[in-house]
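Asks: Residue numbers for the sequence shown, in mature numbering (1 follows the signal peptide of the UniProt record, and there is no 0): -22 to -1, 1 to 124.
Beta carbons are placed, not taken as given, at the ideal position from N, Cα and C, and that holds for glycine.
In this text the structure is predicted, and so the values were computed from the model without any measurement.
Can you keep this structure in mind? I'll have questions shortly.
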Amino acid sequence: MSIRHLLCIGSVSLAFSTGALASDDHDHDHGGEFDFDEFALVLEGQDFDGEACYLGIIEESVDKEGNTTLLVETSFAHGTEVPGEFEVVLTEGSERVLSSNENGSQFALFFDQDASVSGASQYLVRWPHDDHFHTDGCYNLGLMEL
């Protein structure tokens, strides 16, 4: 199943409380260097401050069981850090997908009922900083025309 096919699957809403994951007061880069030409597909949303944010799909593959693996990149970076790429595996009926990269950053992609690219409604990224994490998120994701 290709990315284009997955886009035909309906969008979903998110039943998730953001209270415990509110944005912190630290500076974040909201995608000034995000190169849209690198991606097969881009989902656009709004961050905690109402600014545009993006989830870029670099590539996708499907295994024999029908699970889709995506290599994704976000538009967020913490200070001078780069969020890097995350590999996420979508399985049928997933409500969220968790991942991490070599920097120790954590990525969560949220769905309601349908684990498809178009069904993604939110993502959160957490960057390790001393003894705590800095969190940022992107909500109300939808397909961006490239």
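Can you list, in chain order, the residues of its chain whose CB lies under 7 Å from that of F111, leaving out five sequence neighbours each side?
Replies: Hits under 7 Å: R104 and W105.
Asks: Near G23, what residues of its chain come up, given a Cβ to Cβ distance below 6 Å and the 5 sequence neighbours on each side ignored?
Replies: The residues are C31, C116, Y117, N118 and L119.
Asks: For E43, which of helix, strand or coil comes out of DSSP?
Replies: If DSSP states are grouped into helix, strand and coil, E43 belongs with coil.
Asks: Return helix, strand or coil for D114, following the three-state DSSP convention.
Replies: It is a strand residue.
Asks: F88 bridges to which residues according to DSSP?
Replies: Per DSSP, R74 and Q100.
Asks: According to DSSP, A18 sits in a beta bridge with which residue or residues?
Replies: DSSP lists no partner for A18.
Asks: With 7 Å as the threshold, decide whether the Cβ of S72 is near any Cβ in chain D.
Replies: Within the model displayed, chain D is absent; a lone protein chain is all it includes.
Asks: Distance, Cα to Cα, F12 vs L19?
Replies: Roughly 13 Å separates the two Cα atoms.
Asks: Report back the beta-carbon spacing between I35 and E63 to the nearest angstrom; my notes put them in contact at under 8 Å.
Replies: Not a contact, Cβ separation roughly 11 Å.
Asks: Quick check on DSSP: helix, strand or coil for F54?
Replies: Three-state DSSP puts F54 in coil, outside helix and strand.
Asks: Starting from V95 and walking both ways along the beta strand (DSSP E), at which residues does that stretch end?
Replies: Segment: none, V95 is in no beta strand (DSSP E) and carries neither H nor E.
Asks: Among all the DSSP beta bridges, which residues are the ones paired with E65?
Replies: BP columns for E65 point to L49.
Asks: Identify, in the order they occur along the chain, each residue of the same chain with its Cβ nearer than 6 Å to the Cβ of L87, setting aside the five sequence neighbours on each side.
Replies: Result list for L87: V66, V75, A98 and Y101, in chain order.
Asks: Of the choices E123, H107 and V95, whose alpha-carbon is the least far from that of V40?
Replies: It is V95 whose Cα lies nearest to the Cα of V40.
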